[in-house]
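J.: Sharing a structure, written as C-alpha cells. Questions coming.
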Amino acid sequence: MTAIPHRQKQRAIVALCCGIAAALMLPAGLVVGYNSVLNSGDGTNVNNVKTLTIPSTPVALLATVNSSNEVTSINVIALSGDSLGGTIISLPAKSMAEVLEGEDPRRVSDSYMNGDVAAFVADVEGLLDVSITTVGMFKRADLIELFNPIGPTEILLDSDVRNTEPDGAQRTVAKTGRTTVETATLVDILLARQTDQTEAERFNHQKSVLTAIGNTVGLGLKLDSPVTAVDAPTDFKAVFQRLISGPIQIWQFAASAVPAGDLNPNSIDMYQLDSAEVTMIMASVAPTSKTGSGLTGQLSVQIDSPFNNAVVSREIVRRLMAKGLNVALVREVPGPPQEVTRVLYVDSNILAGVEGLADFIGEVSAGRTNERAQGIDLQIVIGASFAQFLESNPEIPTTTLSAGDE
Numbered sequence: 001m002t003a004i005p006h007r008q009k010q011r012a013i014v015a016l017c018c019g020i021a022a023a024l025m026l027p028a029g030l031v032v033g034y035n036s037v038l039n040s041g042d043g044t045n046v047n048n049v050k051t052l053t054i055p056s057t058p059v060a061l062l063a064t065v066n067s068s069n070e071v072t073s074i075n076v077i078a079l080s081g082d083s084l085g086g087t088i089i090s091l092p093a094k095s096m097a098e099v100l101e102g103e104d105p106r107r108v109s110d111s112y113m114n115g116d117v118a119a120f121v122a123d124v125e126g127l128l129d130v131s132i133t134t135v136g137m138f139k140r141a142d143l144i145e146l147f148n149p150i151g152p153t154e155i156l157l158d159s160d161v162r163n164t165e166p167d168g169a170q171r172t173v174a175k176t177g178r179t180t181v182e183t184a185t186l187v188d189i190l191l192a193r194q195t196d197q198t199e200a201e202r203f204n205h206q207k208s209v210l211t212a213i214g215n216t217v218g219l220g221l222k223l224d225s226p227v228t229a230v231d232a233p234t235d236f237k238a239v240f241q242r243l244i245s246g247p248i249q250i251w252q253f254a255a256s257a258v259p260a261g262d263l264n265p266n267s268i269d270m271y272q273l274d275s276a277e278v279t280m281i282m283a284s285v286a287p288t289s290k291t292g293s294g295l296t297g298q299l300s301v302q303i304d305s306p307f308n309n310a311v312v313s314r315e316i317v318r319r320l321m322a323k324g325l326n327v328a329l330v331r332e333v334p335g336p337p338q339e340v341t342r343v344l345y346v347d348s349n350i351l352a353g354v355e356g357l358a359d360f361i362g363e364v365s366a367g368r369t370n371e372r373a374q375g376i377d378l379q380i381v382i383g384a385s386f387a388q389f390l391e392s393n394p395e396i397p398t399t400t401l402s403a404g405d406e
C-alpha cells in the first residue's frame, strides 16, 4: 500500500513536467544561472546570518519605429549579471497598458504616438514592473547599423511578412519558410505593418527575428572592439554589444486579445499579458531591476524550483501573488524535488505574514536558514507536495487587502 502514494506523487510530477506546456522550459540561464545568481555574502551579522548579493541585471528597452512614427515592436533586454550575453523578451506593441482608475484604456504603443518617449517608457515599466536604465528607439537606418555586426542570418518564418507602403501598396518583405537574409531584411521584418492585420498575426515574426539573432550569435560574436562585463553599459549601443558578445536567450510573453467591453470600449486591437508569467520571467532574468508591486508591508519571496518547467514556476508565482507576496527572485535549481515544499526564514517573526500559505500552495514545512539573498524575506523551495496539490486544480482562496495596504 505504501507504493500507491509514491506512484501518485510521480504521476503528479510527470503531469506537470510533461503536460500541456512541456516545451515551455525556462531558458537554461534564467536567473543568471544557478551558480552565479547569488554572490558570496557581504558579511555576517551578530546572528551569524550571511547576506548574499545578486549580480546587477540592468534592463534596456529596444523599440522599433516605422516611417509613420508607429512603434512596431517592443523588446526588453536583461543583461546576464556578471557575464556577457543576456535575455531578450518581446511583448506585443499593442499590449494593454496599466492605467490608473478613471483613465481610459490604452495600448503601450499609443503612448508614443506623439513622440513622447518618457510616457512610452513609463508604460513599459509599469506593465513589466521593472526599472529601465537604457532606451533605444530605432528607425530603419539606425537599426540596420545596430544589427550590422550580426551579419547574414538564417530565419524561419511561419507566414509571409508584408508591409503597407505609404501609397497603400502591399510589399512582401519576406516569404514563409527558412532562408538566409541580410541585416536590412531583419530590420524590415520588425518594422513591417500591414494595414488591417492584427498584432497576433504578426507577433511571431518578431520572435523569428530574435531567434535568428540568438542562433547566429551562438556563444557570442567576436567584435572589433571587445567588451567586458565588468563595467555597466552607459548607452544602448554598449548594452547591445555586450548582449551579442555572449549567448542570448529568447522569451516571448503570451498575450490574449482583449474583447470588446469595459477594458476595451472602442474594440481596438489590444492584448493583455499574463501577470504571473511577466513576474516569473522578470524575477528570473532581471531581479535587481524589479520594482515590486508597491503594496506596503508585502514580504519579498525567493522561489527555487527543481522542476525546470515554466508551467510549475508560473503556477506557484500566480498563487503567491494571490496571497499578497512580492515574488522578487525566481531560480531554477538542481533536482529532484524534495518531498515537501520548504519555507526558509531568517526571522521567525515574518511567518505571521504567510499564515494560511498551505491553502495556496499545498503542504509546506518551515525552517530557519542562516543565509539569504539581499532584500529577500522568505525562500520557498518547491517540493513534490506542490505537484500533488495541483493534481486537483484547487481554487485560489479569495483574499482582500486593507486600505492601509494600498
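Note that the numbering used here has the sequence shown beginning at 1, numbered continuously upward. We put the beta carbon where it would ideally sit given N, CA and C, even for glycine.
Nearest to Gly-408 by CA position, among Ile-77, Ser-131, Ala-118 and Met-96, is which residue?
T.: The requested residue 408 is not part of the displayed model; the chain covers only 1 to 406.
J.: Out of curiosity, what's the CA-to-CA distance linking Gln-249 and Gly-218?
T.: 10 Å
J.: Based on the DSSP secondary-structure assignment, which residues constitute the bridge partners of Glu-125?
T.: Paired residue(s): none; Glu-125 is not in a bridge.
J.: Helix, strand or coil for Glu-154 per DSSP?
T.: strand
J.: Between which residues of its own chain and Gly-375 is the CB-CB distance below 7 Å, once the five residues before and five after are set aside?
T.: Only residues of its own chain outside the window of five on either side were considered, and among them Ser-300 and Ala-328 have a CB closer than 7 Å to the CB of Gly-375, listed in chain order.
J.: Decide if the segment 182 to 196 is in contact with the segment 59 to 71; the criterion is three or more beta carbon pairs, one per stretch, under 8 Å apart.
T.: yes
J.: Cβ atoms of Leu-91 and Gln-423: under 9 Å apart, would you say?
T.: With the chain covering 1 to 406 only, the question about residue 423 has no answer from this structure.
J.: Whole alpha helix (DSSP H) runs in the segment 170 to 231 with 4 or more residues, listed along the chain?
T.: Listed in chain order, the complete alpha helix (DSSP H) runs (minimum 4 residues) inside the segment 170 to 231 are 183 to 191 and 199 to 217.
J.: With respect to the beta strand (DSSP E) encompassing Ser-73, which residues constitute its N-terminal and C-terminal limits?
T.: 71 to 79
J.: Let me make sure I understand the geometry here. Which of Ser-95, Asn-163 and Val-258 has the alpha-carbon closest to that of Arg-455?
T.: Nothing about residue 455 can be read from this structure; the chain reaches only from 1 to 406.
J.: Within its chain, find whatever has a CB closer than 6 Å to the CB of Ile-244; leave out the 5 residues flanking it on each side and keep chain order.
T.: The answer, listed in chain order, is Val-217 and Leu-221.
J.: Checking the sheet assignment: what are the DSSP bridge partners for Arg-372?
T.: Thr-51
J.: To the nearest angstrom, how far is the alpha carbon of Leu-273 from that of Asn-48?
T.: If you draw a straight line from the Cα of Leu-273 to the Cα of Asn-48, it is about 42 Å long.
J.: Grab the span of the alpha helix (DSSP H) containing Gly-351 for me, first residue to last.
T.: Correcting the residue identity first, residue 351 is Leu in this sequence and not Gly. From DSSP, Leu-351 is part of no alpha helix (DSSP H); its letter is neither H nor E.
J.: Just to confirm my understanding: we take Glu-125, look at its own chain, exclude 5 residues before and 5 after, and list those with CB closer than 8 Å. What are they?
T.: In chain order, Ser-131, Ile-132 and Thr-291 place their CB closer than 8 Å to the CB of Glu-125, counting only its own chain and leaving out the 5 sequence neighbours on each side.
J.: Within 8 Å, do at least three Cβ pairs link the segment 77 to 86 to the segment 367 to 385?
T.: no
J.: Distance, Cα to Cα, Pro-247 vs Leu-84?
T.: When rounded, the distance between both Cα atoms is 7 Å.
J.: Would you report the Cα separation of Cys-17 and Thr-288, rounded to the nearest angstrom?
T.: Caution is warranted here: a pLDDT of 43 is assigned to Cys-17, below 50, making its placement in the model unreliable, and the coordinate value is therefore given only provisionally. Rounded to the nearest angstrom, the two C-alpha atoms are 28 Å apart.
J.: My output table needs one value for Asp-365: the three-state DSSP class, helix, strand or coil.
T.: The sequence given here places Ser at residue 365; Asp does not occur at that position. Residue state, collapsed to three classes: strand.
J.: Count the other CB atoms within 10 Å of the CB of Ser-73; is the residue buried (16 or more) or exposed (fewer)?
T.: buried
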